[in-house]
Structure formats: C-alpha cells, structure tokens
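In this note's numbering, the protein residues as written are 99 to 531.
Written below as structure tokens is the structure these notes are about.
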C-alpha cells in the first residue's frame, strides 16, 4: 500500500450543517472513499466550523478498526465532537461516551442490566401493546406527521419506564434533550433561556453539553428525581444512579445529570430516526413493503430479522463520531500523529461497496449485514442496541399487519445537523390493510 504523508484531500464538504439539512452527501462520501478513504479535512468558514482539521474515514474496515482499538484511538482524550474543547470543558462535559476503559466499563455496568437483550425481551409485550395503540390511532385517519405521531412516541414511552421518569415529566425532558442535541437547527433554539449564541464560548456555557444552558434544566430535574428515589426506590435506572458509586467515589450531581441526558438522547434518537427513515424507505420501495406484508407468519420469519438490520443500516441515525490518536500510527497508508483527530463517518461505512453488495439498494433480505449503526464494535458499542432492535421489530410487525400502503404526502424536513441523521417532520397517510 502506498504511504502518503501529505495532509490534503478532495475538495468536498461533509461537515457543514446546511449540507445535511438538504440530505446526506453520498456523492461526497463516494468520492472520498474512492480517492482518499483516509482524507485530511480542514475546518474553516467554508464549512461553518473552526479549529484544527481532522482525518475523515469513509471505509467500513477503517471505521471498525478505529472503534475496536480504543487504546490507540481514544474517546477520553479530546472527546467525541469534531471541534476541539478546552481541557476543563472536556472534563466538565464528560459522559460515559467520552470515557475510556477501565472507567468506561464500570460506568456502563451501572446501567447495562436495564438495557440488556434479556431485559428487552421482558419489555417485548409492552412494546407490542404501545405500537399497536399508535397504529390504531393513526391508520386510516388522513395525514399525520410520522415523527410526532409514531416514531417519537414509541421510544419515549418505552424509555420513561426503564429510566423511572414520571410519565408527566417525559414531554418536557425530551423537549430539552432535542434542544440540546439539535442546537445547530433554528427550529430547536433554546426558547426557555433565549438566544445565547453570542455567549456559547464563555463560562458557564462552554462547560455544558453541546454548550447548551438547557442542560442545566436536565441536571436540576435529575436531582429532583434522584431525591425522590432515595426515599422511594424502584427497579429503575434513576434509583441506580441516585446513589451510584464508581471506583469508590459517589457520582457527582453533574455526573448524574450528564448520565440522564446521555440516556435521554441515545435511548430516543436512534430509534426515532430509524423508524422514520424506515417508514420513508418502505414508502419509496413498495416492493419491499409488499414482500414484508406477504409473509404468512412474519413474527417468526427470518425476513423480519434481516429487515430490522436493513432498516438500521439504511437509517443510520448517528452520522459520525470522533476519536483522538494517542500515539503515532497509520491508517490505510496515511501517517496519523499522536493528538490527531480521527472522525469515523458511519453513514459512509454503511454504504461501502467493499462491505455491502449494491449498498444503495434497500433490501430487507440483505445478509450478511454487518452495519456500524451501533458503532464498529469495541467498548462503545451502543448501549441501547437491543432496545432499538426490539422497537424496530415491533414497529415493522404492526406496520405490515395494519397498513396496505404508505404515502408520503409532503416534503420531508431534515434536522440541520452533521451529527444526527434526523427528520423533523414527515407527513404521511397510512392506508389501512
């Protein structure tokens, strides 16, 4: 393999938020994968960001390699965002995502039991009941917004019980979470605190997750929930976090707050956008939807198993993650220096023709299907993967049994974000079976 030492790359933009508001830049990913699969990407006014450039990885194999090798490519050193943070901001904003083993494993062990495959099997009946009610309310009633009426509701209703959040609190908590993670989208401006765009790099905002003061509201709410659980414990995540001790030290208020925020975002976003993108894909590929509906016993059919994985590959709600090289190393013949940022583009990896035959074909029977929607393996493999799989599964079952045709009736509005492959609005008519 030829070893290149220059820091140049094709002149394509895969960073600007505005690019993603219009759609995923597959042409740019394809060009990078073909010409420079390990490409240096500059930041600047041309793509709406600032700071040091980074290495963009668009091949499936490279993404998997980096995610498995946490010693060489750290989440803790530098964090997981493209832009650089001051050292004190990295510490203040750190969640389980921005932690390396062994501490990462000890933090994850606190909540692993609640999100395990076995735990999700116990929630299957609840998930089926919830999704059945959602379709009963939205099939054959004319135009509905698939995001708010269907895709958002299922993960929220599942997650509040697992976390131990009162149902009455859920709308506000998830509204705050949306405002925080979508802070580059004008539809999610922090209306409760006003416009702070001129102060995001000042204290205390730069020390908050996504530089959003709305996170303070989540932290305050977490402390109220934790206080209630100390006097009235239950079999839920809030009870576990209320008095959790890691490495002999109790979690701080900030650590409990960031833990809740991470779970609100990760436990909701992955499934919400997977369901929405899956619904759109089935509307655009009616032959695949008909194939799903034609199965005589879909619940036990191997097609349902492969369909779940194909929807997850196709949807890929997480666009990228960052790692930081801890030593001088090499990826694909390109020398990587210690301290260099390395960004893994999940969507590009999920459409790599070296891994997926005809990657832009939506094929519910695709196998094998080693997508990286939940990460490329390693310690940071998505905590909520089994919840997402369960929810996509019951959603597809209910869709196939109750709907004969999916009609997208207006423009699909995407989230303005290079981080989350999200949909804000998707008007549909679900014609009854």
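Each residue gets a CB set at the ideal place from its N, CA and C atoms; glycine is no exception.
Identify the residues that DSSP records as bridge partners of residue i: which are they?
i, result
"residue 428", "433"
"residue 533", "Because the chain is modelled from 99 through 531, residue 533 falls outside the range shown and cannot be assessed."
"residue 197", "The partner list for residue 197 (beta bridge, DSSP) is empty, contrary to what the question assumes."
"residue 418", "443"
"residue 139", "152"
"residue 511", "523"
"residue 181", "Paired residue(s): none; residue 181 is not in a bridge."
"residue 171", "423"
"residue 112", "In DSSP, residue 112 forms no bridge with anything."
"residue 528", "504"
"residue 518", "416"
Roughly how far, in whole angstroms, is the beta-carbon of residue i from the beta-carbon of residue j, given that I think they are within contact range, below 8 Å?
i, j, result
"residue 474", "residue 162", "4 Å"
"residue 253", "residue 408", "So it is not a contact: roughly 19 Å between Cβ atoms."
"residue 327", "residue 238", "Not quite, the Cβ-Cβ distance comes to about 42 Å (not below 8 Å), so this is no contact."
"residue 422", "residue 176", "4 Å"
"residue 126", "residue 112", "5 Å"
"residue 369", "residue 485", "7 Å"
"residue 334", "residue 260", "7 Å"
"residue 472", "residue 178", "No, residue 472 and residue 178 are not in contact; Cβ-Cβ is about 15 Å, not under 8 Å."
Please report the straight-line C-alpha distance between residue i and residue j, rounded to a whole angstrom.
i, j, result
"residue 164", "residue 363", "24 Å"
"residue 105", "residue 205", "37 Å"
"residue 146", "residue 498", "42 Å"
"residue 465", "residue 367", "25 Å"
"residue 513", "residue 454", "27 Å"
"residue 258", "residue 129", "42 Å"
"residue 231", "residue 469", "31 Å"
"residue 522", "residue 273", "13 Å"
"residue 187", "residue 225", "38 Å"
"residue 307", "residue 531", "45 Å"
"residue 487", "residue 372", "10 Å"
"residue 515", "residue 417", "9 Å"
"residue 461", "residue 405", "8 Å"
"residue 99", "residue 154", "Below a pLDDT of 50, predicted positions are generally treated as unreliable, and residue 99, at 46, falls in that range; the measurement from the model is reported next regardless. The straight-line gap from Cα to Cα measures roughly 18 Å."
"residue 492", "residue 412", "18 Å"
"residue 138", "residue 519", "23 Å"
"residue 293", "residue 310", "At residue 293, the pLDDT of 47 sits below 50, so the modelled position is not reliable; the number obtained from the coordinates is stated separately. Taking the straight line from one Cα to the other gives about 10 Å."
"residue 114", "residue 393", "42 Å"
"residue 220", "residue 398", "18 Å"
"residue 410", "residue 374", "11 Å"
"residue 197", "residue 323", "25 Å"
"residue 312", "residue 395", "46 Å"
"residue 245", "residue 510", "10 Å"
"residue 172", "residue 441", "11 Å"
"residue 598", "residue 156", "The structure shown does not extend to residue 598, since the chain spans only 99 to 531, so no value can be given for it."
"residue 266", "residue 275", "16 Å"
Is the Cβ-Cβ distance between residue i and residue j less than 8 Å?
i, j, result
"residue 381", "residue 251", "no"
"residue 108", "residue 430", "no"
"residue 424", "residue 192", "no"
"residue 208", "residue 338", "yes"
"residue 356", "residue 124", "no"
"residue 377", "residue 390", "no"
"residue 149", "residue 116", "no"
Could you confirm whether any beta carbon from chain D is found closer than 8 Å to the beta carbon of residue i?
i, result
"residue 398", "Absent from the structure: chain D. Only one protein chain is present."
Kindly provide the ranges of any alpha helix (DSSP H) runs that are 4 or more residues long and lie completely inside the segment 209 to 293, ordered along the chain.
215 to 220, 222 to 236, 251 to 261, 268 to 279
With a floor of 4 residues, list each alpha helix (DSSP H) that falls wholly inside the segment 450 to 502, ordered by position along the chain.
483 to 500
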